[in-house]
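A short write-up of the structure that comes next.
There are 2 protein chains.
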Amino acid sequence: MTRPPTSRDLARLAGVSQATVSRVLTNNPKVNPETRARVLQVLKDANYTPNALARAMKTGRTDTIGVFMTRVTSPFHAELLDEIGRVLSSMGLHMILWNIEHDPEETVAAVLQQRLVDGFVLTSATYDSKLHTMALASGTPTVLLHRGIDGLDCDQVVGDNWQGAYDAGRYLVDAGHTDIGLVTLRATGNTSRDRDAGFRAALADAGVKLKPSNVITVGVPHADGHAAAEKLLSRKKPPTAIYTITDLLAFGILDGARAIGAHVPDDVWVIGFDNTDMAAWESFDLTSVEQPVHAIVETGIDLLRDRIADPDRPTQIVTLPCPLAIRGSTANRPLSAAKD
Amino acid sequence: MTRPPTSRDLARLAGVSQATVSRVLTNNPKVNPETRARVLQVLKDANYTPNALARAMKTGRTDTIGVFMTRVTSPFHAELLDEIGRVLSSMGLHMILWNIEHDPEETVAAVLQQRLVDGFVLTSATYDSKLHTMALASGTPTVLLHRGIDGLDCDQVVGDNWQGAYDAGRYLVDAGHTDIGLVTLRATGNTSRDRDAGFRAALADAGVKLKPSNVITVGVPHADGHAAAEKLLSRKKPPTAIYTITDLLAFGILDGARAIGAHVPDDVWVIGFDNTDMAAWESFDLTSVEQPVHAIVETGIDLLRDRIADPDRPTQIVTLPCPLAIRGSTANRPLSAAKD
DNA sequence: GCGAGGGATGAATACGTATACACTTCCAGA
DNA sequence: TCTGGAAGTGTATACGTATTCATCCCTCGC
């Protein structure tokens with residue numbers, strides 16, 4: 001037959017009622033072992049799979065999680081997405097992926113209310129977006145991963161960006177750097193904000209002044225890091241170290257340095273943020289503050305499942321440490337050399 | 001009310017039947033303009049969104065496409081995924097993403113029959129996988145993007161990998177190279193096979209011998225390219241050019257070269273395949289055979305929609321050209337130098 | 001003035017499953 | 001012997017929407 005067989009078709013074949021077939025499918029204990037075996041055999045012979053839509057409509061559960069993300073081509077986001085996919089599938093959950101860069105706001109708004117997922121994962125919460133508000137208002141369980149919103153009554157799992165940035169700053173200061181560059185982003189979310197603020201705090205605490213001319217605010221692409229490095233390093237007296245708030249920008253900075261003949265780390269140290277896989281590549285060999293992607297995702301999905309199971313539980317905000325991964329872009333060297 | 005309002009609730013509010021509300025929602029012309037306006041107002045006031053599951057169950061269409069993919073963290077795959085997401089969302093379609101690396105075979109098999117998507121996009125078809133066979137057997141419209149299966153009666157859109165590889169080989173030969181390295185993958189799909197075979201054919205046609213010791217078969221990660229380059233370039237008489245079948249491996253090769261002090265392109269030329277965004281980065285500046293990602297995806301999704309609309313139309317196989325993007329990793333230089 | 005026909009709407013049903021409820025059988029306990 | 005209840009199964013219904021069919025009213029043409 002061209003139409004896929006339904007549980008009713010198979011019930012007839014097995015000589016039982018549709019209800020019994022359904023009970024077998026849901027592992028309902030109230031069914032005679034012999035009957036169960038017979039039905040299972042029929043199901044198997046017919047290569048039957050329950051219609052997920054009908055099941056979802058009846059139970060109200062779709063076993064699907066909606067993920068909102070941006071810039072999938074960015075190395076860190078790709079790793080984050082990969083990890084989310086891994087964890088969800090290990091739990092038997094499907095993933096619907098929405099790229100909020102591509103989807104117009106009204107589309108997203110409609111999607112939120114369609115009840116076609118059991119929960120939402122937001123990875124790119126920003127202060128100037130209403131997405132998280134709308135998601136919460138929809139009544140669908142929601143968790144914020146990677147980026148959080150302070151004070152929002154919503155489960156959140158984020159890295160301790162401020163501390164990670166502080167440690168990076170402290171590390172540079174301790175190595176003797178006093179003329180330090182900061183390539184930063186306009187703070188649209190807590191990540192960029194804290195990665196900026198924590199770093200500044202470390203320098204301030206150490207009494208190292210951050211020259212305004214050493215701070216460059218850019219956009220997200222690699223090319224912007226490239227341009228910033230050229231700008232900073234083509235000065236008469238360029239900074240001896242540059243910290244930036246994403247690995248992607250750091251790669252651009254390394255490239256920019258290469259382009260104008262500045263050597264890393266001899267002429268300038270470079271530190272990124274995210275510790276993506278690529279940071280370990282020979283081309284970059286980048287010191288970077290690590291995002292505990294695995295733990296963030298694992299913890300976040302757990303929180304989401306807990307909330308799906310019990311929507312009224314108190315919200316939980318988890319902050320995970322971001323340790324510094326040291327590599328060749330900041331090879332330690334004598335203090336005097338750094339100051340030179 | 002805590003439960004989302006249904007069309008029946010709103011029908012009562014508007015003083016019409018549920019059927020009329022439904023007619024308004026589906027833009028059925030057989031409804032009085034005044035009634036339509038009144039209903040629309042009520043819908044808007046209630047901020048109503050139709051239940052996607054119920055609608056899908058009734059119409060048999062979910063407006064969702066299932067995408068099967070691997071290695072999202074690989075630059076090319078990330079670009080492919082991004083493009084697929086862009087195109088689907090521009091058509092108002094949702095995307096369920098399955099990573100066939102993570103999902104066990106039986107999970108995938110079950111998914112294929114659940115009718116929860118209108119169509120499948122397979123981007124990683126391999127000869128030793130049954131995925132494409134199972135997808136076709138499920139009766140759900142399916143298209144193969146990027147990787148194809150020769151002779152399979154299924155819509156396919158692929159790059160002309162063979163020609164692209166041939167052109168790359170020809171380009172090296174024309175530049176005077178005679179001692180050429182090939183870093184290749186075990187041919188699990190048509191891409192790796194053709195990117196290998198086309199290159200070999202170009203050399204053979206030109207009478208340039210490919211030394212067996214110059215051919216290294218590796219795995220997909222960056223590190224494997226790195227290792228291969230070290231192996232090839234640490235010889236007494238290393239090849240003067242290396243071609244490989246993915247950009248990711250090429251990046252590894254560039255890194256490996258850097259690691260042992262070989263200079264690109266003075267000591268060795270390097271050519272990759274995919275022409276990812278990263279190939280243009282200063283660190284790599286990689287000559288690469290371009291995959292027309294945009295055209296592949298756009299064409300592929302069009303084919304898929306056509307097939308959804310008419311399942312019985314003849315299958316179509318589209319092959320798009322893969323031009324060579326030349327960059328600094330193969331800067332042209334005098335022939336004599338190349339031979340030296 | 002009357003029937004035909006079209007426009008607008010409501011009532012009823014179906015999609016495929018899960019589940020509350022009713023029913024039968026059979027056995028234990030009085 | 002009778003009864004209560006458990007085990008197993010079937011019947012009926014609901015999920016929320018789209019759609020067929022029937023109904024009603026109004027207009028138009030004769």
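Heads up: the sequence lines are chains A and B, in that order. Each residue of the first sequence is one higher than the last, beginning at 1 in full-length UniProt numbering. Each residue of the second sequence is one higher than the last, beginning at 1 in full-length UniProt numbering. Backbone N, C-alpha and C define an ideal beta-carbon position, used for all residues, glycine too.
Within 8 Å, strictly: CB atoms of residue i and residue j
| i | j | result |
| --- | --- | --- |
| B:V31 | B:V24 | yes |
| A:G119 | A:T133 | no |
| B:G261 | B:N214 | no |
| A:G85 | B:L97 | yes |
| B:T306 | B:F273 | Contrary to the premise, residue 306 of chain B reads as Asp rather than Thr in this sequence. Not in contact: B:D306 and B:F273 (Cβ atoms no closer than 8 Å). |
| A:D82 | B:V72 | yes |
| B:I317 | B:Q156 | yes |
| A:D285 | A:R327 | yes |
| A:F68 | A:T26 | no |
| A:T70 | A:V117 | no |
| B:S89 | A:H94 | no |
| A:G159 | A:P323 | no |
| B:R115 | A:N190 | no |
| B:V108 | B:L131 | yes |
| A:L185 | A:V220 | yes |
Cβ shell of residue i (< 8 Å), same chain only, five flanking positions each side left out
| i | result |
| --- | --- |
| A:L335 | Residue placement at A:L335 cannot be trusted, given a pLDDT of 41 that sits under 50; what the coordinates show is reported in the next sentence. The residues are A175, G176. |
| A:D277 | P75, E79 |
| A:H222 | L248, L249, F251, G252, D255 |
Pairwise C-alpha distance: residue j and residue i
| i | j | result |
| --- | --- | --- |
| A:T35 | A:H77 | 50 Å |
| A:Q113 | B:T49 | 6 Å |
| B:A204 | B:V173 | 10 Å |
| A:L320 | A:E106 | 34 Å |
| B:T271 | A:P265 | First, the residue type needs correcting, since residue 271 of chain B is Ile and not Thr in the sequence shown. If I take the Cα positions, the gap works out to 28 Å. |
| A:S17 | A:V39 | 10 Å |
| A:M1 | A:A46 | For A:M1, the pLDDT reaches just 43, beneath the cut-off of 50, and the residue's location in the model is therefore unreliable, leaving the point undetermined. |
| B:C154 | B:V143 | 6 Å |
| A:T240 | A:D179 | 6 Å |
| B:A150 | A:T20 | Per the sequence presented here, residue 150 of chain B reads as Asp, with Ala not at that position. Those two C-alpha atoms are separated by around 45 Å. |
| A:M57 | B:E282 | 53 Å |
| A:Y243 | A:A54 | 53 Å |
| A:L304 | B:P4 | 21 Å |
| A:H226 | B:S329 | 19 Å |
Within chain A, the residues that residue i reaches when beta carbons sit closer than 7 Å
| i | result |
| --- | --- |
| B:R313 | Result: empty, since nearest Cβ-Cβ is about 17 Å, beyond 7 Å. |
| residue 342 of chain B | This structure cannot settle anything about residue 342 of chain B, because the visible part of chain B is limited to 1 through 340. |
| B:H226 | E282 |
| B:S213 | Result: empty, since nearest Cβ-Cβ is about 24 Å, beyond 7 Å. |
Sequence-distant residues of its chain with Cβ nearer than 6 Å to residue i (five each side left out)
| i | result |
| --- | --- |
| A:N275 | S288, E290, A325 |
| A:G198 | W162, A165, Y166 |
| A:A202 | Y166, G169, R170 |
| B:I216 | V183, A228 |
| A:G300 | V143, L145, V157 |
Beta-carbon contacts of residue i that lie in its chain and below 7 Å, excluding the five residues immediately before and after
| i | result |
| --- | --- |
| A:P238 | L232, V268 |
| B:T188 | T126, Y127, D128 |
| A:V87 | V297, E298, I301 |
| residue 347 of chain A | Residue 347 of chain A cannot be examined here, being either before or after the span of chain A that is shown, 1 to 340. |
| B:N99 | M69, T70, V72 |
Per-residue contacts from residue i into chain B (C-beta, under 8 Å)
| i | result |
| --- | --- |
| A:P4 | Q113, R115, G139 |
| A:A52 | Q114, R115, L116 |
| A:L93 | Those do not exist, as A:L93 stays about 11 Å from chain B at its closest Cβ, beyond 8 Å. |
| A:F251 | W281, S283 |
Neighbouring residues, chain A, relative to residue i (Cβ below 9 Å)
| i | result |
| --- | --- |
| B:T240 | Correct list: empty, because the minimum Cβ distance to chain A is about 21 Å. |
| B:R86 | N99, E101, H102 |
| B:L89 | It should be noted that the sequence gives Ser, not Leu, for residue 89 of chain B. Residues of chain A passing the Cβ test: W98, N99, H102, D103, P104, T107. |
| B:R258 | E282, S283 |
| B:D267 | None at all; the shortest Cβ gap to chain A is about 16 Å. |
Amino acids of chain B, ordered along the chain, whose beta-carbon sits closer than 7 Å to that of residue i
| i | result |
| --- | --- |
| A:E79 | T73 |
| A:A56 | L53 |
| A:H146 | The contacting residues do not exist; A:H146 stays about 16 Å from chain B at best. |
Within chain B, the residues that residue i reaches when beta carbons sit closer than 9 Å
| i | result |
| --- | --- |
| A:L254 | E282, S283 |
Closer than 7 Å: residue i CB and nearest the ligand FAD heavy atom
| i | result |
| --- | --- |
| B:A19 | As for the ligand FAD, it is missing from this structure, which has no ligand bound. |
Q.
Just to confirm the assignment: which complete alpha helix (DSSP H) runs, minimum length 4, are found wholly within the segment 193 to 252 of chain A?
A. Inside the segment 193 to 252 of chain A, DSSP marks whole alpha helix (DSSP H) runs of 4 or more residues at positions 222 to 233, from first to last along the chain.
Q) Where in the segment 32 to 69 of chain A do unbroken runs of the alpha helix (DSSP H), each at least 4 residues long, occur, reported from the N-terminal end onward? A) Complete alpha helix (DSSP H) runs here, min 4: 33 to 46, 52 to 59.
Q. Which ranges does the beta strand (DSSP E) cover as unbroken runs of at least 3 residues, wholly within the segment 103 to 139 of chain B, from first to last along the chain?
A. Taking only runs of at least 3 residues, the beta strand (DSSP E) segments lying wholly in the segment 103 to 139 of chain B are 119 to 122.
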